[in-house]
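> Under this note's numbering, the residue at position 40 of the sequence shown is numbered 40, and the numbers go up by one with no gaps. Note that the Cβ used here is the ideal one computed from N, Cα and C, for glycine as well.
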Amino acid sequence: MKTEKAARAGLNNTLLARALLALRGKKLLIHLGLILFGLVMLYPLLWMVSSSLKPEGLIFREQGLIPTSVTGQNFTDGWNALSSPFSHYLVNSLIITGGAVLGNLTACSLAAYAFARMEFPLKRLWFALMLGSIMLPLQVVIVPQYILFKQLDWINTFYPLIVPKFLATDAFFVFLMVQFIRTLPRDLDEAARIDGAGHWRIFSRIIVPLSLPALATTAIFTFIWTWNDFLSQLIFLTDPDKHTVPVALRTFLDSSGQSAWGPMFAMSVLSLGPIFGFFLAGQKYLVRGVAVTGLK
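(1) I need the DSSP call for residue 226, collapsed to helix, strand or coil.
(2) For residue 174, which three-state DSSP category applies?
(3) Find the nearest neighbour of residue 153 within the set 237, 107, 96, judged by alpha-carbon distance.
(4) Indicate the three-state DSSP secondary structure (helix, strand or coil) for residue 265 in the structure shown.
(5) Under 7 Å between C-beta atoms, does residue 148 make it to chain C?
(6) Please list, in chain order, all residues of the same chain as residue 220 whose beta carbon is under 7 Å from its beta carbon, the five residues on each side excluded.
(7) Can you give the beta carbon distance from residue 244 to residue 92, rounded, assuming they're within the 8 Å contact cut?
(8) Measuring CA to CA, which of 162, 104, 240, 202 is closest to residue 175?
(9) Going residue by residue through the segment 68 to 149, where are the continuous alpha helix (DSSP H) segments of at least 4 residues, counting only ones entirely within it?
(10) Can you tell me which of 96, 95, 75 puts its alpha carbon nearest to the alpha carbon of residue 86?
(11) Are residue 116 and residue 59 touching if we call contact CB-CB under 7 Å?
(12) Whose CA, out of 284, 265, 129, 274, lies closest to the CA of residue 81?
(13) Pick helix, strand or coil for residue 53, following the three-state DSSP scheme.
(14) DSSP three-state label for residue 283, please.
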């Protein structure tokens with residue numbers, strides 16, 4: 001009897017060991033697949049960084065990521081290649097991006113509070129119209145916007161790229177924050193109202209501090225989308241002194257009658273720095289905001 005039990009125990013241990021081995025093998029394959037997929041996704045970025053360090057003549061002749069000859073001349077040439085130092089275009093982009101972030105945080109949070117907590121006539125209709133505006137592509141509204149800003153004499157200024165953000169024109173972020181505010185308990189509002197608080201105090205003292213993940217998500221996406229925006233900035237900014245980083249990078253291709261690939265790749269690498277820095281600074285809140293609002 002004891003021999004039979006020992007044989008069964010040995011068989012169970014063998015089956016368990018095989019199951020664990022199969023599970024580990026499956027996990028190993030999944031990890032290898034994810035690493036391979038990550039390398040494929042990162043290859044263009046790594047190629048750009050590698051090309052920025054190569055001499056001009058080796059950029060398209062060498063296909064490997066590790067350069068056989070390294071030079072920093074591309075960064076020096078790229079910084080001074082255009083009519084103004086590249087820092088001038090970085091400052092222009094930072095002004096526009098900072099204004100857009102501030103505008104979206106202020107206006108979209110106020111609009112979201114109104115939709116989520118207040119009652120007013122035709123609220124559902126206005127909310128539906130706001131959601132419908134998300135479906136309009138930029139190419140559809142860019143012409144009416146240009147005519148409007150032309151009449152306001154705002155062309156070739158930063159106003160068309162900043163002022164609309166203070167009017168809650170980015171419906172996606174309004175919807176994002178409405179979804180987040182709706183998850184907050186209304187009991188907090190009622191308790192504050194019993195203490196004599198009005199809408200402004202409830203919004204500033206309760207809603208805003210609790211909505212930090214949604215606000216961080218809005219700030220990060222606004223920063224990335226505005227920093228990388230090319231079409232709007234190309235149309236509204238015609239003076240080279242007002243150009244931003246995306247428009248300046250396009251200028252590298254014909255600034256001297258021929259394509260300056262090395263300096264362009266070098267400045268492209270530098271232009272990624274603010275995006276990575278801003279993303280890393282708010283990454284923790286971005287994950288919380290995406291998880292709570294269900295944005296995927």
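Taking the definition as stated:
(1) The sequence position of residue 226 within the sequence shown is 226, counting from 1. Looking at residue 226 - three-state DSSP - the assignment turns out to be helix.
(2) Within the sequence shown, the letter at position 174 stands for residue 174. Helix.
(3) Your numbering for residue 153 matches position 153 in the sequence shown. Considering only alpha carbons, the answer is 237.
(4) Position 265 of the sequence shown, counted from the first residue, corresponds to residue 265. In this structure, residue 265 counts as helix in the three-state DSSP scheme.
(5) Among the protein chains of the structure shown there is no chain C, as only one such chain exists.
(6) Reading the sequence shown from its first residue, position 220 is the one you call residue 220. Correct list, in chain order: 278, 279, 282, 286.
(7) Counting from 1 along the sequence shown, the entry for residue 244 is found at position 244. Counting from 1 along the sequence shown, the entry for residue 92 is found at position 92. Correct: roughly 5 Å between the Cβ atoms.
(8) On the sequence shown, position 175 is the one that residue 175 refers to. Checking every option, the nearest Cα to that of residue 175 belongs to 104.
(9) The segment 68 to 149 contains these whole alpha helix (DSSP H) runs: 73 to 79, 86 to 117, 123 to 133.
(10) Residue numbering aside, residue 86 sits at position 86 when the sequence shown is read from its first letter. The option with the nearest alpha carbon to residue 86 is 75.
(11) Numbered from its first residue, the sequence shown carries residue 116 at position 116. Numbered from its first residue, the sequence shown carries residue 59 at position 59. Result no, Cβ atoms of residue 116 and residue 59 do not sit closer than 7 Å.
(12) Within the sequence shown, residue 81 is the residue found at index 81, counting from 1. Residue 265 is the option with its Cα nearest to residue 81.
(13) Here the question's residue 53 lines up with position 53 in the sequence shown. Residue state, collapsed to three classes: coil.
(14) What you label residue 283 is simply residue 283 of the sequence shown in a count that begins at 1. In this structure, residue 283 counts as helix in the three-state DSSP scheme.
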